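Per the working numbering, the sequence shown runs over residues -1 to 536.
We treat Cβ as the ideally placed atom computed from N, Cα and C, and that holds for glycine.
No experiment lies behind these values; they were computed from the predicted model shown.
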Amino acid sequence: MSDATAKKEERRKFQAIRGTRDLLPPETALWNRVEQTAHEVFTTFGYGEIRLPVLENIELFARSIGGETDIVGKEMFSFEEFGWTAIDTFRREIITTNPIELRKIQTLASDSVKVKTERFLTALNEAVDRGEIKRTPETVQALAIVPQKRDELLAALATGDIKWSDKELTILWGVIQQAVKNVRLGDQVALRPEATASVCRAYIEHNMQQLPQPVKLYYTGPMFRRERPQKGRYRQFYQIGAEILGGTDAPAIDAEVIEMLMTYFDRVGLQGATLYINSIGHNADNCRRGYVANLKSALEKVKDKLGPDSQRRIDTNPLRVLDSKLESEQAIIATLPHIADHLCDECKTHYAEVKRQLEVRGVLYQENWRLVRGLDYYMRTTFEITAPGLGSQNAVCGGGRYDGLVELLGGPPTKGIGFAIGEDRLILSLQESGKGQVQQGRDVYIAWMGERAYAAAIRAAKDLRSAGFSAELPPLEQKFGKALGQADKLGAKYALILGDNEVSEGLWTIKTLSTGEQQKLPEPDLIEFLRTQKNVSS
Ligand code: AMP
């Protein structure tokens, strides 16, 4: 391969990371419309926008979503966050030094081992003394193990003991490397996999319980989960969500959140959306806990007929068996007990009232007893909305009540309910149903020739743009034929033709590209002409 080809290959390597993608025009205009509609609709329901950081302490998610969930267990993008420190450089030196190399150049290596470990230990000791780094068990261990193993290593290298094989050297150096790696220089942070936990964190952090309750907030933005990418499932995806925190848990709140959601979907043009609702009661023996025990014993009886995932969940989280999409399990799941038969009186009444209130608001729903959220703090109302055109990933929105979450995160007891819309899927569904069209192209392409015409063209572009029309002003002079071809390619509706004649006559030529009709107009009439045309066509 020649140098030039190699370089080209090298350059070609840059592609969006697996599961992430670029959103490009004209599609981004649809994204904007979908987000703009959310701003408009949610504002009419009294919600204010919250903008949250993309990075949060990993503990926030571990605590709120749960350590055993896939999201926290294996899907988070996380890293250690700390300001620049020399310890990191020294740590990296140790981690990246290959032990085989150490052995080959023993004398040098012993210097190097000594220097590298000493530098690291001195810097770490000082930072711990100054309180810049926490004295965690891992740090204490590194401070003890690194000098001890280093001395063993140096002694062995000094005697040149031939029994020292590469393998033993590797093991000893590996112990030092691991101890060094374990030292925490800062907090573990994660790219947020969802935003409910962040909203609750912000509610507590900013003492929002002192504001008039409930506090109604909405957000839009990217979320990150290391899932297996497929249609409608990405590693960076976007959500539009809302949360109501504080105040009462009256069923009207649940019904209104859902009403807002359906109003939004309607406004944005989503067709064939189906709303499913359920109540999962609350975490008490006479309610959900009783049901879960019942479910578990029913599952034990049919265990042999279930797949390995469901079998495991019987012990870890039996409710999640109900989420199973496995064809072979469907008939068995259909025979399992329903939560509705196990709700306590208050939860039953709450659910009945949510349904009644949805009916009063004219919101159509279907009940789905299998709609559960396998986390303790979720309670009572859960809902999901599916849309056509999405294949197996057909949920465009999930939501529910989570009265215990704020308290779990260290805040006061606080009622809460919210939802998250998958924006990527909403867009896909709109596109599939033909509702994803957005206006493309320019209103006016300005074809100009000659110095004097160029000055008039600049003026025209300025006037058109400030009147709200999109205008394309080519930077270089081109023959009118070429300019009109360009106007067509860009999908312009009109071409404004400005040559010497037009300028000296003070009459500009405007051509309607779809019909080929053209007419002459005095400069001041241009905007008015376009406005009238727009009104006629709309
Ligand atoms: P969740 O936060 O898991 O309740 O998800 C809420 C909504 O976000 C889902 O109904 C999906 O529409 C969307 N969603 C979740 N995960 C992904 C993903 N990996 N890619 C695209 N959309 C997703």
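Is Asp523 near the ligand AMP, going by C-beta to nearest heavy atom under 6 Å?
Numbered from 1 along the sequence shown, position 525 holds the residue referred to as residue 523. Asp523: no, Cβ never under 6 Å from the ligand AMP.
- [ ] Using 6 Å as the cut-off, classify the Cβ of Arg231 as near or not near the heavy atoms of the ligand AMP, replying yes or no.
- [x] If you number the sequence shown from 1, residue 231 lands on position 233. Yes, the ligand AMP has a heavy atom inside 6 Å of this Cβ.
Margin query: Helix, strand or coil, according to DSSP, for Ser322 in the structure here?
Written below: Within the sequence shown, the letter at position 324 stands for residue 322. Ser322: coil per DSSP, three-state reduction.
Assuming Glu521 contacts Gly504 (C-beta within less than 8 Å), just tell me the rounded distance between them. Numbered from its first residue, the sequence shown carries residue 521 at position 523. Numbered from its first residue, the sequence shown carries residue 504 at position 506. Between Gly504 and Glu521 the Cβ distance is about 7 Å, and since that is below 8 Å, they are a contact.
Helix, strand or coil, according to DSSP, for Asp185 in the structure here?
The residue given as residue 185 occupies position 187 in the sequence shown. Judged by DSSP in its simplified three-state form, Asp185 adopts strand.
Check: Can you tell which of Ser464, Arg223, Asn366, Gly44 has the C-alpha that lies nearest to the C-alpha of Pro210?
Finding: Against the sequence shown, residue 210 aligns to sequence position 212. Closest by alpha carbon: Gly44.
- [ ] Pick out whichever of Lys480, Val111, Arg223 has its Cα sitting closest to the Cα of Pro472.
- [x] Taking the first residue of the sequence shown as position 1, residue 472 is located at position 474. The shortest Cα separation from Pro472 among Lys480, Val111, Arg223 belongs to Lys480.
Mind checking Ser390: buried by the 16 CB within 10 Å criterion, or exposed? Taking the first residue of the sequence shown as position 1, residue 390 is located at position 392. Per the 10 Å Cβ criterion, exposed.
message = When you compare the CB positions of Glu421 and Tyr236, do they come within less than 7 Å of one another, or not?
response = Here residue 421 refers to the residue found at position 423 of the sequence shown. Here residue 236 refers to the residue found at position 238 of the sequence shown. Against a cut-off of 7 Å, the Cβ pair of Tyr236 and Glu421 comes out as a contact.
query: With burial defined as no fewer than 16 other Cβ atoms inside 10 Å of the residue's Cβ, what is the status of Gln228: buried or exposed?
result: Indexing the sequence shown from 1 puts residue 228 at position 230. That one is exposed.
If you measure from the CB of Glu430, is any heavy atom of the ligand AMP nearer than 6 Å? Counting from 1 along the sequence shown, the entry for residue 430 is found at position 432. Because no heavy atom of the ligand AMP lies under 6 Å away, the Cβ of Glu430 does not count as near it: no.
(message) In the DSSP output, which residue or residues are listed as bridge partners for Cys395?
(response) If you number the sequence shown from 1, residue 395 lands on position 397. DSSP lists Ile383, Ile419 as partners of Cys395.
Check whether the Cβ atoms of Ala465 and Leu496 sit closer than 7 Å, and answer yes or no. Position 467 of the sequence shown, counted from the start, is the residue given in the question as residue 465. Position 498 of the sequence shown, counted from the start, is the residue given in the question as residue 496. For the pair Ala465 and Leu496, the CB atoms are not nearer than the 7 Å cut-off.
*asked:* Given this structure, state the Cα-to-Cα distance separating Arg19 from Gln234, to the nearest angstrom.
replied: What you label residue 19 is simply residue 21 of the sequence shown in a count that begins at 1. What you label residue 234 is simply residue 236 of the sequence shown in a count that begins at 1. Here the alpha carbons of Gln234 and Arg19 stand approximately 8 Å from one another.
- Helix, strand or coil for Met74 per DSSP? Along the sequence shown, one-based indexing puts residue 74 at 76. It is coil, neither helix nor strand.
- Query: Taking one C-beta from the region 359 to 366 and one from the region 273 to 285 each time, how about it: are there three or more such pairs within less than 8 Å?
  - Reply: yes
- Return the Cβ separation of Leu511 and Tyr492 in integer angstroms, given the expectation that the two are a contact with Cβ distance under 8 Å. Translated into the one-based positions of the sequence shown, residue 511 becomes position 513. Translated into the one-based positions of the sequence shown, residue 492 becomes position 494. Right, the Cβ-Cβ distance comes to about 6 Å (below 8 Å), so this counts as a contact.
Interface flag, Arg133 vs chain C, CB-CB below 7 Å: Within the model displayed, chain C is absent; a lone protein chain is all it includes.
Could you check if Asp321 belongs to the surroundings of the ligand AMP, using beta carbon to heavy atom distance under 6 Å?
On the sequence shown, position 323 is the one that residue 321 refers to. No, since every heavy atom of the ligand AMP falls outside the 6 Å radius drawn around the Cβ of Asp321.
query = In chain order, what residues of the same chain have a beta carbon less than 8 Å from the beta carbon of Leu407, not counting five sequence neighbours either side?
reply = To locate residue 407, count along the sequence shown from 1; it is residue 409. Closer than 8 Å at the Cβ level, and outside the excluded window around Leu407, lie Leu58, Arg61, Ser62, Ala195, Cys198, Arg199, Ile202.
Helix or strand or just coil, what does DSSP make of Leu524?
-> On the sequence shown, position 526 is the one that residue 524 refers to. In this structure, Leu524 counts as helix in the three-state DSSP scheme.
What would DSSP say about Glu470, mapped onto helix, strand or coil? The residue you call residue 470 lines up with position 472 of the sequence shown. The answer is strand: DSSP assigns Glu470 an E or B state.
- Task: Output the distance between the C-alpha atoms of Val39 and Met258, rounded to the nearest integer angstrom.
- Result: Numbered from 1 along the sequence shown, position 41 holds the residue referred to as residue 39. Numbered from 1 along the sequence shown, position 260 holds the residue referred to as residue 258. Between Val39 and Met258, the C-alpha separation is close to 8 Å.
- request: Would you tell me roughly how many angstroms separate the C-alpha atoms of Val181 and Ala140, rounded to the nearest one?
  value: Taking the first residue of the sequence shown as position 1, residue 181 is located at position 183. Taking the first residue of the sequence shown as position 1, residue 140 is located at position 142. Whole-angstrom Cα-Cα distance: 7 Å.
Would you report the Cα separation of Ala14 and Ile242, rounded to the nearest angstrom? By 1-based counting over the sequence shown, the position of residue 14 is 16. By 1-based counting over the sequence shown, the position of residue 242 is 244. Computed Cα separation, rounded: 36 Å.
Next on the checklist: Give me the residue from Asp149, Asp68, Gly184 with the minimum Cα distance to Leu167.
Outcome noted: Within the sequence shown, residue 167 is the residue found at index 169, counting from 1. The candidate whose alpha carbon is nearest that of Leu167 is Asp149.
Within the continuous beta strand (DSSP E) that includes Glu503, where are the two ends? The count along the sequence shown starts at 1 and reaches residue 503 at position 505. Taken as a continuous stretch (DSSP letters only), Glu503 belongs to no beta strand (DSSP E), being part of the alpha helix (DSSP H) at 498 to 503.
Next on the checklist: Can you give me the C-alpha to C-alpha distance between Ile251 and His340, rounded to a whole angstrom?
Outcome noted: Counting from 1 along the sequence shown, the entry for residue 251 is found at position 253. Counting from 1 along the sequence shown, the entry for residue 340 is found at position 342. Each residue's Cα considered, the two are about 23 Å apart.
- Item | Pairwise C-alpha distance: Glu382 and Leu119 | What you label residue 119 is simply residue 121 of the sequence shown in a count that begins at 1. What you label residue 382 is simply residue 384 of the sequence shown in a count that begins at 1. In a straight line, the C-alpha of Leu119 is about 54 Å away from that of Glu382.
Query raised in the report: With DSSP run on the structure shown, which of helix, strand or coil describes Leu288?
Result: For the purposes of this step, residue 288 is identified with residue 290 of the sequence shown, where counting begins at 1. Leu is not the amino acid found at residue 288; the sequence shown has Gly there. In this structure, Gly288 counts as helix in the three-state DSSP scheme.
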